[in-house]
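Chemist: A single structure is presented below for examination.
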Amino acid sequence: MADSTTMTIRLDEALKSRLSALARTMQRSKSFLAAEALRDYVELNEWQLQELETAVKEADADDFASTDQIRSVLSKWGLDGD
Numbered sequence: 001m002a003d004s005t006t007m008t009i010r011l012d013e014a015l016k017s018r019l020s021a022l023a024r025t026m027q028r029s030k031s032f033l034a035a036e037a038l039r040d041y042v043e044l045n046e047w048q049l050q051e052l053e054t055a056v057k058e059a060d061a062d063d064f065a066s067t068d069q070i071r072s073v074l075s076k077w078g079l080d081g082d
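Counting from 1, one number per residue, gives the positions in the sequence shown under this note's numbering.
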């Protein structure tokens, strides 16, 4: 298991109660569930930001699909490319 550290966060009472109930039902600690949720959030947002950065670099380099490539994809989906 990786080293861990402590972090304090503020939650509204309703969310804290929901987390507590979920932890009991899942037989996990609130800390475990919170860490898992934060890990998922960070991974998702890192991925999205990386994809955006890549897209901006491609756009800056004028790396766009050609008209024929777009028509091909639209045709594959049964859509009109015009």
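A virtual CB, placed ideally from N, CA and C, is assigned to each residue, including glycine.
Assuming Leu22 contacts Leu33 (C-beta within less than 8 Å), just tell me the rounded distance between them.
Modeler: Walking along the sequence shown from the start, residue 22 turns up at place 22. Walking along the sequence shown from the start, residue 33 turns up at place 33. That pair is a contact at about 6 Å.
Chemist: Since I believe Ser17 is in contact with Lys30 (beta carbons under 8 Å), could you give me their beta-carbon distance rounded to a whole number of angstroms?
Modeler: Sequence index remark: in the sequence shown, residue 30 carries index 30 (1-based). Sequence index remark: in the sequence shown, residue 17 carries index 17 (1-based). Lys30 to Ser17, Cβ: 11 Å. No contact.
Chemist: Just verifying my parser: in three-state terms, what is the DSSP assignment at Asp12?
Modeler: Within the sequence shown, the letter at position 12 stands for residue 12. Three-state result, Asp12: coil.
Chemist: Pull up the distance between the alpha-carbon of Lys57 and that of Trp77, whole angstroms please.
Modeler: For the purposes of this step, residue 57 is identified with residue 57 of the sequence shown, where counting begins at 1. For the purposes of this step, residue 77 is identified with residue 77 of the sequence shown, where counting begins at 1. Spanning the two alpha carbons is a distance of roughly 28 Å.
Chemist: Suppose you measure from the CA of Thr25 to the CA of Glu36; what does that come to, to the nearest Å?
Modeler: In the sequence shown, residue 25 corresponds to position 25, counting from 1. In the sequence shown, residue 36 corresponds to position 36, counting from 1. Their Cα atoms are separated by approximately 16 Å.
Chemist: So, with DSSP's three-state summary, where would you put Met7?
Modeler: One-based indexing of the sequence shown puts residue 7 at position 7. Correct three-state label for Met7: coil.
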